[in-house]
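J.:
Residue numbers (our numbering), protein chains in the order written: chain A, 14 to 633; chain B, 15 to 256.
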């Protein structure tokens, strides 16, 4: 393509000015997005691209598509649906607690509502959230692969997830579950029969999680593009790799636990029910052997997203790449040795409690390494305060609070006072919602232009970030106070603590603000699909493959040619010349202009760089 | 190159688009998203190993439950295991070990392009797995005849066993047999799945689908079968012998 190269769009951080990027002329000739994977299926013969298809044909192609991007989108839609359902249930819970006495439901209904909220949010939303949606869509592109290693298995995983979700919802038909999301025996062996459907639902959805984990590990090991060594892999992929290890090693245990619980209910085999000679504490051990590592299934991909956001929007190479990458793996492995800290009051021996407590403190080290590395990445960078970065900064605040309070409840003596109170509720919401969900929202805004081909509305995005941050803190910060004052979790009413009523009301109002912020996110997404400006290939000036080597949206096969990787994922200064104040930063924080290790590309937009690589390294 | 087939509708596309789909002769089994057969084979094998790790952990939960209850009621477990038929268990162990050999030999057949060895060893593996299930059936039905059911149905009353005598008088006697049924039952379920998978392999091997160029399914099902075998190697002494 010997046409004159257009002047590269300046990649200097531009404040809220997507208009210039949206200009189609920003694409070098021959690099405009042509084949839209949302319309053309990767199974299509490429000679059929652009041919008209009936609506039914489109639906069928989506349902049977093995394209990782389409499966990721289907997951995203399903996960968002369950997030909405869980969110509505959460608002019902908060509304009930706003006033003393029965406000909108009785105590039995309340038990079912908060249980459903927990189960839907944990097993149907947050466990698959980032890996199955953003991970599926983005990870193979970041690796320079055409697809995941097992595309059919990927689709099977989606349908298993749907089947598991269906079973979990089916439990409502048999009366609903009122055990809390932890299903502790012996109560779960005695209460209504809905536990059977719910247990099978969790069991089946667990298989979906296992299959995703296997798929990702194999993809990361075997499908990386030439030149994409382990230490050139984007940190999002490292986060997903650590997550997948946990998914593969922990999920089978919840599988067998749920299966044994179902057998306990159907055959009374007597493994967990003390009335039949079983051991209820054994259930707790099995449950937390999965469910504590599952916390890392939820947060590790979020760490990956934040690593991408912080470095891209600070225009500076990430500080301590190896430390961030390996601390994820360290958290994944240490996470298997701390489950007992959920059971300090369950009658486990003092020695095990002390050991579990000590290992729990150790987790603070790799987590702290990450936080400090992200802050060091921002230091002296050119921080670009667009929506994804606002979410990333929210994450840094909220996750730090969540992490530090985690150390508090991990301390033996303090936990005796705080166990099963709102302090714990606030702690894990700060980690799960303030950590994972905020990171997922940031990641969605970040990659939205890439996988939809549309730019979202920046003003609405900023407004949603602010609303979510304020609403979240209003809802949950006050719960630390209530918990430390003895407000127990899972109670429908608090007649003995009437002076907590205004605090509960404050929290409830906060939850409405939070809901409003999330609705704004949804509206922004839908708005952008219809009214958003077309996105250029690299709206943020990122340096990993999904930005530099493919269009927005990507080709159904991701790349026109397998990329050859010659630099790290955050070597902005080797990819773009003159990309802003921080472009020369190499993470040392002193802004010094050191010589780049590989030749600097001085001409051309990111897409042009793609072509130069293509031409120079054409695969035989 | 694809330019010979370029259509007017998509010239720019073909100019530097997906011509790599046409440029090579790929072997029919090679999926378009892999570069080489080796990469595809290695990926499939790594995926299978990871799946087998999850299988080990699935059984791991049950082995932990076994260990805990055994530590609590050692005399019950030692006594109750004498109720299981060691001869039948040992026979089943030999049968499974032999089937592990035949499946390995089948893989060897595929690697050396010896279709006869491949096919007949797969058939032999299915037959041996069938023998295992038949013996298991006799063991289970014999226990059921004595009233030794899992869980709530546990009611050992017949002319040989009595709920008031020996280990059956033990208040936790049912737990041993529950664990026995759950562990061997889930293992037996895995044997059944293996029988179905190996039957499909044999059927396809008959059509000459597997050659030394591509025998990934044979290799992977073989790996699975070895794990099913290994789990039994642990179940047999834990349940029958000690």
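By construction, the Cβ of each residue, glycine as well, lies at the ideal position given by its N, Cα and C atoms.
List, in chain order, every chain A residue whose beta-carbon is nearer than 8 Å to that of residue 82/B.
T.: Here residue 82/B refers to the residue found at position 68 of the second chain. In chain order: 292 and 295.
J.: Among the residues of its own chain, which have a CB less than 7 Å from the CB of residue 441/A, if the five just before and after it don't count?
T.: Against the first chain, residue 441/A aligns to sequence position 428. None.
J.: Going by other Cβ atoms of all chains shown within 10 Å of its Cβ, with 16 needed for buried, is residue 565/A buried or exposed?
T.: On the first chain, residue 565/A is found 552 positions in, with the first residue counted as 1. The residue is buried, with at least 16 neighbouring Cβ atoms inside 10 Å.
J.: Kindly give me the distance between the Cβ atoms of residue 105/B and residue 247/B, rounded to whole angstroms, as I take these residues to be in contact under 8 Å.
T.: Numbered from 1 along the second chain, position 91 holds the residue referred to as residue 105/B. Numbered from 1 along the second chain, position 233 holds the residue referred to as residue 247/B. Their Cβ separation, rounded to whole angstroms, is 14 Å, which puts residue 105/B and residue 247/B out of contact at 8 Å.
J.: Under the DSSP definition of a beta bridge, which residues are partnered with residue 571/A?
T.: For this step, residue 571/A is matched to residue 558 along the first chain. Residue 571/A is bridged to 568/A.
J.: Given that residue 210/B touches chain A, what residues does it touch there, using C-beta distances under 8 Å?
T.: If you number the second chain from 1, residue 210/B lands on position 196. Per Cβ cutoff of 8 Å: no residues; residue 210/B is ~17 Å from chain A at best.
J.: Anything in chain B within Cβ reach of residue 261/A, meaning under 8 Å, just list it in chain order.
T.: To locate residue 261/A, count along the first chain from 1; it is residue 248. By Cβ distance, chain B contributes 64, 67 and 68.
J.: Should residue 47/B be flagged as near chain A, meaning a C-beta pair shorter than 8 Å?
T.: Along the second chain, one-based indexing puts residue 47/B at 33. At least one chain A Cβ lies under 8 Å of residue 47/B.
J.: How would you write the range of the alpha helix (DSSP H) that residue 149/B sits in, first residue to last?
T.: Residue mapping note: residue 149/B aligns to position 135 of the second chain, counting from 1. Looking at the DSSP string, the run of the alpha helix (DSSP H) that includes residue 149/B is 129-159.
J.: Does the region 386-393 of chain A come close enough to the region 459-468 of chain A to have 3 or more Cβ pairs within less than 8 Å?
T.: The answer is no - the region 459-468 of chain A does not touch the region 386-393 of chain A, with fewer than three Cβ pairs under 8 Å.
J.: So what's residue 264/A in DSSP terms, helix, strand or just coil?
T.: Position 251 of the first chain holds residue 264/A. DSSP places residue 264/A in helix when its eight states are reduced to three.
J.: Measure the alpha-carbon distance for residue 448/A versus residue 245/A and round it to whole angstroms.
T.: Position 435 of the first chain, counting from 1, holds the residue named residue 448/A. Position 232 of the first chain, counting from 1, holds the residue named residue 245/A. Those two C-alpha atoms are separated by around 26 Å.
J.: Per the contact definition of three or more C-beta pairs closer than 8 Å, is the region 124-141 of chain A in contact with the region 171-187 of chain A?
T.: Result yes; three or more Cβ-Cβ pairs closer than 8 Å.
J.: I need the DSSP call for residue 239/A, collapsed to helix, strand or coil.
T.: The residue given as residue 239/A occupies position 226 in the first chain. It is coil, neither helix nor strand.
J.: Taking three-plus beta-carbon pairs below 8 Å as touching, is the region 476-483 of chain A in contact with the region 544-553 of chain A?
T.: No contact exists between the region 476-483 of chain A and the region 544-553 of chain A.
J.: Could you tell me which residues DSSP puts in a beta bridge with residue 467/A?
T.: What you label residue 467/A is simply residue 454 of the first chain in a count that begins at 1. DSSP lists 547/A as partners of residue 467/A.
J.: Which value, in whole angstroms, describes the spacing of the CA atoms of residue 85/B and residue 74/B?
T.: Indexing the second chain from 1 puts residue 85/B at position 71. Indexing the second chain from 1 puts residue 74/B at position 60. Roughly 16 Å separates the two Cα atoms.
J.: Residues of chain B with CB under 8 Å from residue 281/A, in chain order?
T.: Here the question's residue 281/A lines up with position 268 in the first chain. Those within 8 Å of residue 281/A in chain B are 165 and 166.
J.: Roughly how many angstroms separate the alpha carbons of residue 102/B and residue 153/B, rounded to a whole number?
T.: By 1-based counting over the second chain, the position of residue 102/B is 88. By 1-based counting over the second chain, the position of residue 153/B is 139. So the alpha carbons of these two residues sit roughly 8 Å apart.
J.: Measure the alpha-carbon distance for residue 578/A versus residue 254/A and round it to whole angstroms.
T.: Along the first chain, read from residue 1 onward, the residue named residue 578/A stands at position 565. Along the first chain, read from residue 1 onward, the residue named residue 254/A stands at position 241. Those two C-alpha atoms are separated by around 20 Å.
J.: Round the Cβ separation of residue 14/B and residue 126/B to the nearest angstrom and send it over; I've been treating them as touching at under 8 Å.
T.: Residue 14/B is absent from the structure shown; chain B starts at 15 and stops at 256.
J.: Tell me the start and end of each unbroken alpha helix (DSSP H) in the region 45-128 of chain B that is at least 4 residues and wholly inside, in chain order.
T.: Counting whole runs of 4 or more residues, the region 45-128 of chain B contains the alpha helix (DSSP H) stretches 51-86, 88-94 and 100-125.
J.: Against chain A, with Cβ distances strictly below 8 Å, would residue 246/B count as a contact?
T.: The residue labelled residue 246/B in the question sits at position 232 within the second chain. So no, residue 246/B is outside the interface.
J.: In angstroms, rounded to a whole number, what distance separates the CA positions of residue 94/B and residue 45/B?
T.: Working through the second chain from its first residue, we reach residue 94/B at position 80. Working through the second chain from its first residue, we reach residue 45/B at position 31. Each residue's alpha carbon lies about 53 Å from the other.
J.: Let me make sure I understand the geometry here. Which of 90/B, 142/B and 96/B has the alpha-carbon closest to that of residue 115/B?
T.: Working through the second chain from its first residue, we reach residue 115/B at position 101. Checking every option, the nearest Cα to that of residue 115/B belongs to 142/B.
J.: Residue 60/B versus chain A: which residues are under 7 Å apart at the beta carbon?
T.: Taking the first residue of the second chain as position 1, residue 60/B is located at position 46. Near residue 60/B (Cβ distances below 7 Å), the residues of chain A are 231, 234 and 235.
J.: Taking 8 Å as the cut-off, does the region 158-178 of chain A touch the region 73-83 of chain A (at least 3 CB pairs, one atom from each stretch)?
T.: Yes, the region 73-83 of chain A touches the region 158-178 of chain A.
J.: Kindly indicate which three-state DSSP category residue 228/B falls into: helix, strand or coil?
T.: Locating residue 228/B in the second chain gives position 214, where the first residue counts as 1. Strand, per DSSP.
J.: Helix, strand or coil: how does DSSP classify residue 501/A here?
T.: For the purposes of this step, residue 501/A is identified with residue 488 of the first chain, where counting begins at 1. Three-state result, residue 501/A: strand.
J.: Of all the beta strand (DSSP E) runs that stay within the bounds of the region 72-97 of chain A, which reach a length of 3 or more residues?
T.: Counting only runs of 3 or more, we get nothing.
J.: Taking buried to mean at least 16 other C-beta atoms within 10 Å of its own C-beta, is residue 90/A buried or exposed?
T.: Taking the first chain and counting its residues from 1, one reaches residue 90/A at position 77. Classification of residue 90/A: exposed, given that the 10 Å Cβ count is below 16.
J.: Checking contacts by CB at 8 Å: is residue 265/A closer than that to chain B?
T.: If you number the first chain from 1, residue 265/A lands on position 252. Cβ-Cβ to chain B under 8 Å: yes for residue 265/A.
J.: What residue range does the alpha helix (DSSP H) around residue 329/A cover?
T.: In the first chain, the residue the question calls residue 329/A occupies position 316. Segment: none, residue 329/A is in no alpha helix (DSSP H) and carries neither H nor E.
J.: Less than 8 Å between the CB atoms is what I'm expecting for residue 80/B and residue 193/B, so what's the real figure, rounded?
T.: Position 66 of the second chain, counting from 1, holds the residue named residue 80/B. Position 179 of the second chain, counting from 1, holds the residue named residue 193/B. That pair is a contact at about 5 Å.
J.: Using a Cβ-Cβ cut-off of 8 Å, state whether residue 299/A counts as contacting chain B.
T.: Looking up residue 299/A in the first chain gives position 286. Yes, because at least one Cβ of chain B sits closer than 8 Å to the Cβ of residue 299/A.
J.: Under a three-way DSSP split, which group does residue 198/A fall into?
T.: Translated into positions along the first chain, residue 198/A becomes position 185. Residue 198/A: coil per DSSP, three-state reduction.
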